[in-house]
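First the structure, in the form of structure tokens, and then the observations on it.
Protein chains in written order, with this note's numbering: chain L, -12 to 642; chain C, 1029 to 1360.
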């Protein structure tokens, strides 16, 4: 089903926008038409550069380097080798390799052969690769894809699922191919690459990008970022992440240089620091999480002049810190765009004076892109109203590989909001945004980061932005802790932060409470040494630790249960609230005790301690030590009222 | 403080081992012990810490009293609010409202018998109200008391205010939030209308959140399937979990009590807070309260505020503002 969404009915006035806002936010904002070589492929543009400066350095890895002429020749040999194996237009070649000069040769070779490449990170687990290969096979009439790999990675690929080309083993055969240029078999409408991203169901989905979309993006990126300069770009981020597409192709069509970096096993995310310490590049594209790691490095003598930040919400504090840490002028760009819109479709250059909001704006649409903020009724929203972002333009993906249902769901045909009668293809991003009164688009994070806690709708991004304004908080993430099925209760918010010193919960709460409503104040606060990152350099939310009594407070605040009653009560609460340990000052309600959990807690306390604990007691004395004292008192009173079991004379006195 | 507390608990343990008992009579601390067990050393310690021990024992004794009074906000100078929750009796119903009314507004939720899973629920509104009245007076011997009720807790709140009033206590106001009139459950067509309308509105709200027609249709289908299952089985599944089972028993008994109650005339002030104006036609019978209280005052929440979430964030802020407006004193 791919219905035409009734964004604006012909002749009907827009209910949410007045005429001036409609003109400014919908029409003028999206006037992005710009010429680009839409009849050419990325290979054509690369060859132009080979002709223009054949002896310029194109790529370097350690001491090894190739000129443009050499890179072209090697990739011609690769293309010829692949063609001999039957790889050509309509085929798909998976590139499963570590960062190297050869991986760039392989990608160019695949594209020259007319096939599409699928970059797969070298650290991808066997099972996920098998899923991707099976998906490709299913989508190409059962024909096994070709996998280009290296000898040390070969064992990860099941030979039943693919035709395997082992680049280093087949080296002799490849170099025997002619290195002269043959006409590229690639065409503008053909697929250039397919990037598999995580699907919400857990099954990866392949986003199919055409050469024309790639050329549109890279042509624009070359103008904005390189501006006629020949810059050195580091190739260090995962090839399976579309952010890397910028680093791969922009230098190759502008006469720049790729400098390759390979991460150390197990500490892949640290490769970004290698790039900084090596000090051999001028421009760097990275995620905010990676940039946060850079901040702690000495940047006094860095040659870096430009940063392109993308992939996640980019906090202003971080941009400000980087600007201040580098003595010479730096350009910092926030580039927004989902994989489905070819890497980036919006851009903002950070301005330390002007940009004062929590997040760096995502700015304005890139060349030939359209950005619309629509309500749940698919109508353009006015200033101050939160809506979902939809993207149009030449960068839109062909769709999801072999997933027509999903493609129909996310790529919609709509009445063009600009004129109200023509049709327009839109991608539904799942990202939330709103227009400011000044006509600036504010990014508010993922729609699925909008959660309901205690009945209130909460934007996690808004909490994170406020938390980052705390002078000691360097990085943070806020997550929802769902209640257990058996325990009942309600969802709770947990804030994770990185700071040089331990902060008190009271301090953090007070800081948040200055701007946020009560429902947006997290229950738990967890200090981390560093944020867990995915291979793509984004915050790995699935790896954020479960809050426990040890990690939700700084060491000086935690006091272990002391008396027997406190210890027993702590064990009981731990079991009920699903936390690992509880201190004397921990508050039952702040640990998530709510609703059914209160009733369950009281029932268990009555059973364990043999006294008539009331729900009221928990409300009046909610900390562990306070309630333990009440229980001790109740037990003492019960003991004093009970008949004595001991025999013999007794004495009664007044003290 | 920690060390002192540990020592105190050690002292109690030492007394227990020797079968020494302590209790408080007025301001006196009395002791009963096997002959010779109370050594001079122990006696000195007890005498040194006499006031501490008396306070400890008094706190322990007080902790078992008035189990129905759940303090959501104990401090403040305004007339305290005692609030009856809806038929599942959850004191948390009023947590957000109490927060919004601020630190100067004492607020107590009333917990019915049966909610803790230990006591038996009561099946007459008059009995529940009497139970609450007794504990309120024990807790706060004289008024003023503001009595509040939410949803099906409204009749109990109404009866409770009448009982307190008959006994001479000052009840400046009964505040009913989204009240259900008992006739809602007494007249089958009204009940069916009320339930169907509520269910329809809830489904519409959820469907409106879905971005596509397909997603809305899917949600509608899932709700329809749930309804068919419920109708086929004829009743809700029996809970095997003791806490859930006791809650189901409380709900059922509370509905029985609610259904049987007939509100009698009342001359005091009654403020009825409805989620929105449309609620007048909801089947909850808000205008029927005028039969018992012709002078009842109505206050309406904003459009888009719903009865089931009117005391929760974010709707609760508007309702709290209405309450403050309704109960504003001339000096405020």
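Beta carbons: idealized from backbone N, C-alpha and C, even for Gly.
Name the chain C residues that come within less than 8 Å of residue 626/L, Cβ to Cβ? Per Cβ cutoff of 8 Å: 1044, 1049.
Top-ranked residue by Cα proximity to residue 1089/C, from 619/L, 639/L, 641/L, 642/L: 619/L
Quick check on the burial criterion: 16 or more other C-beta atoms within 10 angstroms. Buried or exposed for residue 494/L? exposed
For residue 153/L, which of helix, strand or coil comes out of DSSP? Taken through DSSP and simplified to helix, strand or coil, residue 153/L comes out as strand.
Which residues does DSSP pair with residue 53/L in a beta bridge? Looking at the DSSP output, residue 53/L bridges to 46/L.
Taking the alpha-carbon positions, what's the residue 1275/C to residue 12/L distance? Going from the Cα of residue 1275/C to the Cα of residue 12/L covers about 53 Å.
Using a Cβ-Cβ distance under 9 Å, would residue 1108/C count as near chain L? No - not a single Cβ of chain L is within 9 Å of the one on residue 1108/C.
To the nearest angstrom, report how far apart residue 44/L and residue 370/L are at their CA atoms. 49 Å
Suppose contacts are defined by Cβ-Cβ distances below 9 Å. Is residue 52/L in contact with residue 96/L by that definition? No, the pair does not count as a contact, with Cβ atoms beyond the cut-off.
Could you work out which residue in 1159/C, 1144/C, 1100/C, 1139/C is closest to residue 591/L when comparing CA atoms only? 1144/C
Tell whether a beta-carbon distance below 9 Å holds between residue 465/L and residue 482/L. In this structure, the beta-carbon distance from residue 465/L to residue 482/L falls below 9 Å.
Chain-ordered neighbours of residue 1089/C on chain L, where CB pairs are closer than 9 Å: 620, 621, 624
Kindly indicate the opening and closing residues of the alpha helix (DSSP H) around residue 335/L. Where residue 335/L is concerned, there is no enclosing alpha helix (DSSP H), although the beta strand (DSSP E) it sits in stretches over 333 to 336.
In angstroms with no decimal places, state the Cα-to-Cα distance between residue 1217/C and residue 1223/C. 10 Å
Exposure label - residue 1041/C; buried when at least 16 CB within 10 Å: exposed
What does residue 636/L touch in chain D if you count any residue whose Cβ is under 8 Å from its own? Note that chain D does not occur in the displayed structure, where the protein chains are L and C.
Taking the continuous beta strand (DSSP E) assigned at residue 1101/C, which residues delimit it? 1097 to 1101
Short-range partners of chain C found in the segment 583 to 603 of chain L, where Cβ spacing is below 9 Å: 583, 585, 586, 587, 589, 590, 593, 598, 599, 600, 601, 602, 603
Grab the span of the beta strand (DSSP E) containing residue 109/L for me, first residue to last. Run containing residue 109/L: none; DSSP gives neither H nor E here.
Taking C-alpha atoms, which residue in 352/L, 346/L, 479/L lies nearest to residue 462/L? 346/L
Does DSSP put residue 203/L in a helix, a strand or coil? helix
Closer than 9 Å to chain L by CB, residue 1143/C: So, interface residue.
Keeping to the same chain, check which residues put their C-beta closer than 7 Å to that of residue 486/L; ignore five residues upstream and five downstream. 459, 460, 461, 514
Please identify the residue among 1225/C, 1178/C, 1158/C whose C-alpha is closest to the C-alpha of residue 1193/C. 1158/C
With 16 other Cβ atoms within 10 Å as the buried cut-off, status of residue 342/L: buried
Only counting the same chain, and skipping five residues up and downstream in sequence, which positions put a Cβ closer than 7 Å to that of residue 219/L? 243, 244, 246, 267, 268, 269
Using DSSP with H/G/I as helix, E/B as strand and the rest coil, what is residue 271/L? strand
Shorter than 9 Å from the beta carbon of residue 1092/C to some beta carbon of chain L? yes
Step through the CB atoms of chain C and report whether any lies within less than 9 Å of the CB of residue 606/L. yes
Please confirm if residue 450/L has its CB atom under 9 Å from at least one CB of chain C. Not closer than 9 Å to any Cβ of chain C, the Cβ of residue 450/L fails to qualify, so no.
DSSP on residue 1325/C, reduced to helix/strand/coil? Three-state result, residue 1325/C: strand.
Cutting at 7 Å between CB atoms, please list the residues of its own chain near residue 1356/C, excluding the five before and the five after it. none
Can you tell which of 397/L, 424/L, 562/L, 638/L has its C-alpha closest to the C-alpha of residue 418/L? 397/L
If we cut at 9 Å on Cβ distances, does residue 372/L have a partner in chain C? Chain C contact via Cβ: absent.
Let me know the secondary structure DSSP gives residue 1311/C once reduced to three states. coil
Buried/exposed call for residue 111/L, threshold 16 Cβ in 10 Å: Residue environment: residue 111/L is assigned as buried (16 or more neighbouring CB atoms within 10 Å of its CB, all protein chains considered).
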